[in-house]
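Trainee: Line by line, the protein sequences give chains A and B. Every letter in the first sequence is one number past the one before it in the numbering used here, and letter 169, counting from 1, is 203. Every letter in the second sequence is one number past the one before it in the numbering used here, and letter 84, counting from 1, is 118. Here it is, the structure in full.
2 protein chains.
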Amino acid sequence: MKKLINKPENVVKEEMMGIAVAHADLVKVSLDPYYVARVNAPIKDKVGIVSGTGSGHEPVDYGFVGPGMLDAACDGEVFTCQTPEQVLACDRLANGGRGVLNIAKNFSGDVMSFEIGGEQAQAEGIDVSMVVIADDVAVENSTWTQGRRGLGTALFAEKVCGAAADQGRDLAQITALCKKVNDWGRSMGMALTSCTVPVKGSPTFDLPEDQMEIGVGVHGEPGRYRMDLKPADEITKILAEAVITDLPFKKGDKVWALVNGLGGTPLIELYVVYRKLAEICEGHGIAIARNLIGNYVTSLDMAGCSITLLKLDDDLIKLWDAPVKTAALRWGM
Amino acid sequence: MKKLINKPENVVKEEMMGIAVAHADLVKVSLDPYYVARVNAPIKDKVGIVSGTGSGHEPVDYGFVGPGMLDAACDGEVFTCQTPEQVLACDRLANGGRGVLNIAKNFSGDVMSFEIGGEQAQAEGIDVSMVVIADDVAVENSTWTQGRRGLGTALFAEKVCGAAADQGRDLAQITALCKKVNDWGRSMGMALTSCTVPVKGSPTFDLPEDQMEIGVGVHGEPGRYRMDLKPADEITKILAEAVITDLPFKKGDKVWALVNGLGGTPLIELYVVYRKLAEICEGHGIAIARNLIGNYVTSLDMAGCSITLLKLDDDLIKLWDAPVKTAALRWGM
Numbered sequence: 035m036k037k038l039i040n041k042p043e044n045v046v047k048e049e050m051m052g053i054a055v056a057h058a059d060l061v062k063v064s065l066d067p068y069y070v071a072r073v074n075a076p077i078k079d080k081v082g083i084v085s086g087t088g089s090g091h092e093p094v095d096y097g098f099v100g101p102g103m104l105d106a107a108c109d110g111e112v113f114t115c116q117t118p119e120q121v122l123a124c125d126r127l128a129n130g131g132r133g134v135l136n137i138a139k140n141f142s143g144d145v146m147s148f149e150i151g152g153e154q155a156q157a158e159g160i161d162v163s164m165v166v167i168a169d170d171v172a173v174e175n176s177t178w179t180q181g182r183r184g185l186g187t188a189l190f191a192e193k194v195c196g197a198a199a200d201q202g203r204d205l206a207q208i209t210a211l212c213k214k215v216n217d218w219g220r221s222m223g224m225a226l227t228s229c230t231v232p233v234k235g236s237p238t239f240d241l242p243e244d245q246m247e248i249g250v251g252v253h254g255e256p257g258r259y260r261m262d263l264k265p266a267d268e269i270t271k272i273l274a275e276a277v278i279t280d281l282p283f284k285k286g287d288k289v290w291a292l293v294n295g296l297g298g299t300p301l302i303e304l305y306v307v308y309r310k311l312a313e314i315c316e317g318h319g320i321a322i323a324r325n326l327i328g329n330y331v332t333s334l335d336m337a338g339c340s341i342t343l344l345k346l347d348d349d350l351i352k353l354w355d356a357p358v359k360t361a362a363l364r365w366g367m
Numbered sequence: 035m036k037k038l039i040n041k042p043e044n045v046v047k048e049e050m051m052g053i054a055v056a057h058a059d060l061v062k063v064s065l066d067p068y069y070v071a072r073v074n075a076p077i078k079d080k081v082g083i084v085s086g087t088g089s090g091h092e093p094v095d096y097g098f099v100g101p102g103m104l105d106a107a108c109d110g111e112v113f114t115c116q117t118p119e120q121v122l123a124c125d126r127l128a129n130g131g132r133g134v135l136n137i138a139k140n141f142s143g144d145v146m147s148f149e150i151g152g153e154q155a156q157a158e159g160i161d162v163s164m165v166v167i168a169d170d171v172a173v174e175n176s177t178w179t180q181g182r183r184g185l186g187t188a189l190f191a192e193k194v195c196g197a198a199a200d201q202g203r204d205l206a207q208i209t210a211l212c213k214k215v216n217d218w219g220r221s222m223g224m225a226l227t228s229c230t231v232p233v234k235g236s237p238t239f240d241l242p243e244d245q246m247e248i249g250v251g252v253h254g255e256p257g258r259y260r261m262d263l264k265p266a267d268e269i270t271k272i273l274a275e276a277v278i279t280d281l282p283f284k285k286g287d288k289v290w291a292l293v294n295g296l297g298g299t300p301l302i303e304l305y306v307v308y309r310k311l312a313e314i315c316e317g318h319g320i321a322i323a324r325n326l327i328g329n330y331v332t333s334l335d336m337a338g339c340s341i342t343l344l345k346l347d348d349d350l351i352k353l354w355d356a357p358v359k360t361a362a363l364r365w366g367m
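Below, the structure written as structure tokens:
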């Protein structure tokens, strides 16, 4: 295992300590339980936005805490869901008196933790709602999931719900917005290589040098099928067509397109994929109105990519364009 | 070779086509010769800022074209320097009547191309100056270099010179600024794995599973020495102490710190490195006033990192903080 780490069991703790010193102007960090919250949380008279999952998907979710996006985020150990205790701590810090939206990705442990932690927060008098993002079209159920897994749509949901909260919208409105985003987003990924979980020390799965996994999950869960390596254009077509036909996206739709690297894929390759994705969308009469290209929803050091398309209306475009200042996503501030 | 590419010889062309459709609001792209320029270039009455090198180091340099940073960038094929023809095309597009600063990284081919291309631009009446960034302390000469190689300091130079140009400073002032940045920045990198150049199809160098290369170059050039794998804290100490003692950085210095991934290293590991770097700097009485953490100066899919420290004064801090809007670096706009 070749990694820039110390003791494998300390990776997340030391990552959090790094975040604390790197972004002290932006966030405050707790190591027990783990969470990251805005430095000035809770912010009065604004709906709070919280998300969380396992670590190993950086910048998900700690990189998205800051003005215009999340109020707090709680991630567990590597590929291990956050605990209810973490959720409760975040909900308390995110509550400025107008309630909190918990945005969960659809993995069984994540959802259960948000349910229990959210109930505990409600018992303390905090108005809590939850939306579960389930946008991965690859498989219906998976190793750690009942129903579709959560993927790139969560990033968009966190951004636009953060913007809507800044605008003063109430919890019911933002919850409805988040549900709409989930309804309108679809994703699918593929892996060229496995990732290696630090405490395991060896690849999660074996993938022969001439094969790839289509529809892989963000923890290396099996996808739809394995096949021989193909050129980027064919891979892009497989992912894009699966995503487009699922919603389905239609001629005249405006979309947000995310071409996402899984952590070990360099940017040069993601632009090769984006080029073909844009061509495919154009062929369908689908207009990419906004995009994002980079390693944003990762699986440690896995090589591969995922594609997310998400239908846009004018409100969503305005909310996406609104100022944001986080470690991983920033503009207008 | 597991990569998201089509024909290996088309990678850069298809990357450029991807950039063209992805960032059409920001840049215009030429495929013959390759370059990326601001969509509204040339911008009148502003000094133009140009950089370039080989491809394979993304987001260097195309990802840094836009308001507040570069006017144009020209990169060659993978790990192949840009041509004088590309430099000339960029200098023409960057010239708004007050001249152009060409920022070169110190690799022999890069520098020669900027010299010849710059001379051709001057023959056309464009006022051109050049600064060569040579901040890599690992080795004095290397496979493709006379003198120190150019590394992370180039990114900072491009950002602050772009900001200075926006403020209306003249070419002589911005050239002096760029030289000061080069004098004040020091870097060193290390590799856990080799990269694989697409047209070669196999790793550039062999690095046993239990070894790493300290002081590696961005094309996989040999560094200072090989050694057994060490924990991240020890690696960070080796890089940081080499950088700190070289300038040397002193107690009371304010610095910009870049913890840079080489393309195949996930963000979680870079924060582990940053944590230790911050501790080491604190131990020396060096204050990190600004930082950047991510995969910014890459070597295709190489796993590893580099560290850059750069002495700051109030002017450099203000120029770093000034608004910028590029594909890879953005704030305030």
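Cβ coordinates follow ideal geometry from the N, Cα and C atoms, glycine included.
Taking 8 Å as the cut-off, is the CB of B/Thr238 close to at least one heavy atom of the ligand GTP?
Mentor: The ligand GTP is not part of the structure shown, which contains no ligands of any sort.
Trainee: Mind checking if A/Ile322 is an interface residue toward chain B, Cβ cutoff 9 Å exclusive?
Mentor: Sequence index remark: in the first sequence, residue 322 of chain A carries index 288 (1-based). Taking Cβ atoms only, chain B reaches closer than 9 Å to A/Ile322, which makes this a yes.
Trainee: Is the beta carbon of B/Val84 closer than 9 Å to that of B/Leu150?
Mentor: Residue mapping note: residue 150 of chain B aligns to position 116 of the second sequence, counting from 1. Residue mapping note: residue 84 of chain B aligns to position 50 of the second sequence, counting from 1. In the sequence as presented, Leu is not what sits at residue 150 of chain B; that position holds Ile. Result no, Cβ atoms of B/Ile150 and B/Val84 do not sit closer than 9 Å.
Trainee: Residues of chain B with a CB under 7 Å from the CB of A/Met51: which are they?
Mentor: As a working mapping, residue 51 of chain A is identified with position 17 in the first sequence. In chain order: Arg309.
Trainee: Alpha carbon to alpha carbon, how far is A/Ala191 from B/Lys397? Give it in angstroms, no decimals.
Mentor: The shown model of chain B, from 35 to 367, leaves out residue 397 of chain B, and the question about it has no answer.
Trainee: I need the straight-line Cα distance from B/Val73 to B/Leu60, nearest angstrom please.
Mentor: Residue 73 of chain B sits at position 39 when you count from the first residue of the second sequence. Residue 60 of chain B sits at position 26 when you count from the first residue of the second sequence. Each residue's alpha carbon lies about 5 Å from the other.
Trainee: Starting from the Cα of B/Gly328, find the closest Cα among B/Thr227, B/Leu241 and B/Ala337 and give me that residue.
Mentor: The residue you call residue 328 of chain B lines up with position 294 of the second sequence. Ranking B/Thr227, B/Leu241 and B/Ala337 by Cα distance to B/Gly328 puts B/Ala337 first.
Trainee: Alpha carbon to alpha carbon, how far is A/Gln245 from A/Glu268?
Mentor: The residue you call residue 245 of chain A lines up with position 211 of the first sequence. The residue you call residue 268 of chain A lines up with position 234 of the first sequence. About 14 Å.
Trainee: With distances taken between CB atoms, is the gap from A/Asp169 to A/Ala198 smaller than 9 Å?
Mentor: Looking up residue 169 of chain A in the first sequence gives position 135. Looking up residue 198 of chain A in the first sequence gives position 164. No.
Trainee: Quick check on B/Arg126: does DSSP put it in helix, strand or coil?
Mentor: As a first step, residue 126 of chain B must be located in the second sequence, where it is residue number 92. B/Arg126 falls in the helix class under three-state DSSP.
Trainee: How about the segment 66–82 of chain A and the segment 121–135 of chain A: do they share at least three Cβ pairs that are nearer than 8 Å?
Mentor: Contact between the segment 66–82 of chain A and the segment 121–135 of chain A is present, because at least three Cβ pairs lie under 8 Å.
Trainee: Quick check on the DSSP output: the alpha helix (DSSP H) that includes B/Ile278 runs from which residue to which?
Mentor: If you number the second sequence from 1, residue 278 of chain B lands on position 244. Start and end: Ala266 to Asp280.
Trainee: Name, in chain order, the residues that DSSP records as bridge partners for B/Lys139.
Mentor: In the second sequence, residue 139 of chain B corresponds to position 105, counting from 1. DSSP lists B/Ile167 as partners of B/Lys139.
Trainee: Indicate whether at least one CB of chain A lies closer than 9 Å to the CB of B/Val61.
Mentor: Looking up residue 61 of chain B in the second sequence gives position 27. For B/Val61, the answer is no, since every Cβ of chain A falls outside 9 Å of its Cβ.
Trainee: Does the beta-carbon distance from A/Gly223 to A/Asn294 come in below 9 Å?
Mentor: Residue numbering aside, residue 223 of chain A sits at position 189 when the first sequence is read from its first letter. Residue numbering aside, residue 294 of chain A sits at position 260 when the first sequence is read from its first letter. Yes, these two residues count as a Cβ contact at 9 Å.
Trainee: Out of A/Leu273, A/Thr332 and A/Leu65, point me to the one whose CA is closest to A/Leu296's CA.
Mentor: Working through the first sequence from its first residue, we reach residue 296 of chain A at position 262. Per the Cα distances, A/Thr332.
Trainee: Does the CB of B/Leu205 have a neighbour CB from chain A at under 9 Å?
Mentor: The residue given as residue 205 of chain B occupies position 171 in the second sequence. For B/Leu205, the answer is no, since every Cβ of chain A falls outside 9 Å of its Cβ.
Trainee: At 8 Å on the CB atoms, spell out the chain A contacts of B/Val25, in chain order.
Mentor: Any question about residue 25 of chain B goes unanswered here, given that chain B covers just 35 to 367.
Trainee: Does any residue of chain A have a CB that is nearer than 9 Å to the CB of B/Ile314?
Mentor: Counting from one through the second sequence, the residue named residue 314 of chain B turns up at place 280. By this cut-off, B/Ile314 is not an interface position.
Trainee: What whole-angstrom Cβ distance do A/Tyr330 and A/Pro93 have, given they're in contact under 8 Å?
Mentor: Numbered from its first residue, the first sequence carries residue 330 of chain A at position 296. Numbered from its first residue, the first sequence carries residue 93 of chain A at position 59. Confirmed, about 6 Å.
Trainee: Using DSSP with H/G/I as helix, E/B as strand and the rest coil, what is A/Cys115?
Mentor: Here residue 115 of chain A refers to the residue found at position 81 when the first sequence is read from its first residue. A/Cys115: coil per DSSP, three-state reduction.
Trainee: For the alpha helix (DSSP H) containing B/Asn74, name the first residue and the last one.
Mentor: The residue labelled residue 74 of chain B in the question sits at position 40 within the second sequence. Counting along the chain, B/Asn74 falls outside any alpha helix (DSSP H), and DSSP gives it neither H nor E.
Trainee: Give me the DSSP bridge partner(s) of B/Lys359.
Mentor: The count along the second sequence starts at 1 and reaches residue 359 of chain B at position 325. Note: B/Lys359 sits in a beta bridge opposite B/Arg364.
Trainee: Once DSSP output is grouped into helix, strand and coil, what is the label at A/Met35?
Mentor: As a working note, residue 35 of chain A is residue 1 in the first sequence. Of the three classes helix, strand and coil, the one that applies to A/Met35 here is coil, per DSSP.
Trainee: Give a yes or no on whether the C-beta atoms belonging to A/Gly235 and A/Arg183 are separated by under 9 Å.
Mentor: As a working mapping, residue 235 of chain A is identified with position 201 in the first sequence. As a working mapping, residue 183 of chain A is identified with position 149 in the first sequence. Not a contact, by the Cβ cut-off of 9 Å.
Trainee: Taking B/Ser89 as the query, report the chain A residues whose CB atoms sit under 7 Å from its CB, ordered along the chain.
Mentor: The residue given as residue 89 of chain B occupies position 55 in the second sequence. The answer, in chain order, is Ile302.
Trainee: To the nearest angstrom, how far is it from the Cα of B/Val55 to the Cα of A/Ala323?
Mentor: Within the second sequence, numbered from 1, the residue matching residue 55 of chain B stands at position 21. Within the first sequence, numbered from 1, the residue matching residue 323 of chain A stands at position 289. Between B/Val55 and A/Ala323, the C-alpha separation is close to 11 Å.
Trainee: From the beta carbon of B/Trp365, is the nearest beta carbon of chain A less than 9 Å away?
Mentor: Counting from 1 along the second sequence, the entry for residue 365 of chain B is found at position 331. Closer than 9 Å: yes.
Trainee: Short of 7 Å Cβ to Cβ, which residues in the segment 220–236 of chain B face chain A?
Mentor: Flagged, chain order: Leu226 and Thr227.
Trainee: Measuring only the C-alpha atoms, how far is B/Gly219 from A/Glu275?
Mentor: For the purposes of this step, residue 219 of chain B is identified with residue 185 of the second sequence, where counting begins at 1. For the purposes of this step, residue 275 of chain A is identified with residue 241 of the first sequence, where counting begins at 1. Cα to Cα, B/Gly219 sits roughly 47 Å from A/Glu275.
Trainee: Find the nearest neighbour of A/Ile167 within the set A/Asn216, A/Ala206, A/Val81 and A/Thr238, judged by alpha-carbon distance.
Mentor: Taking the first residue of the first sequence as position 1, residue 167 of chain A is located at position 133. Here the closest residue by C-alpha is A/Asn216.
Trainee: Check this for me: beta carbons of B/Gly133 and B/Ser163, under 9 Å apart or not?
Mentor: Here residue 133 of chain B refers to the residue found at position 99 when the second sequence is read from its first residue. Here residue 163 of chain B refers to the residue found at position 129 when the second sequence is read from its first residue. Yes; because the gap between Cβ atoms is below 9 Å, this pair is in contact.
Trainee: Looking at the unbroken alpha helix (DSSP H) that takes in A/Thr209, where does it start and where does it end?
Mentor: For this step, residue 209 of chain A is matched to residue 175 along the first sequence. First-last of the alpha helix (DSSP H) with A/Thr209: Leu205 to Trp218.
Trainee: Within the same chain, show all residues whose beta-carbon is closer than 6 Å to that of B/Thr114, passing over the 5 residues directly before and after it, in chain order.
Mentor: Your numbering for residue 114 of chain B matches position 80 in the second sequence. So the list reads Gly88, once near-sequence residues are dropped.
Trainee: State the DSSP-derived secondary structure class of A/Pro42, mapped to helix, strand or coil.
Mentor: Against the first sequence, residue 42 of chain A aligns to sequence position 8. Helix, per DSSP.
Trainee: Are there 16 or more other CB atoms within 10 angstroms of the CB of B/Lys285, so buried, or fewer, so exposed?
Mentor: Translated into the one-based positions of the second sequence, residue 285 of chain B becomes position 251. Result: exposed.
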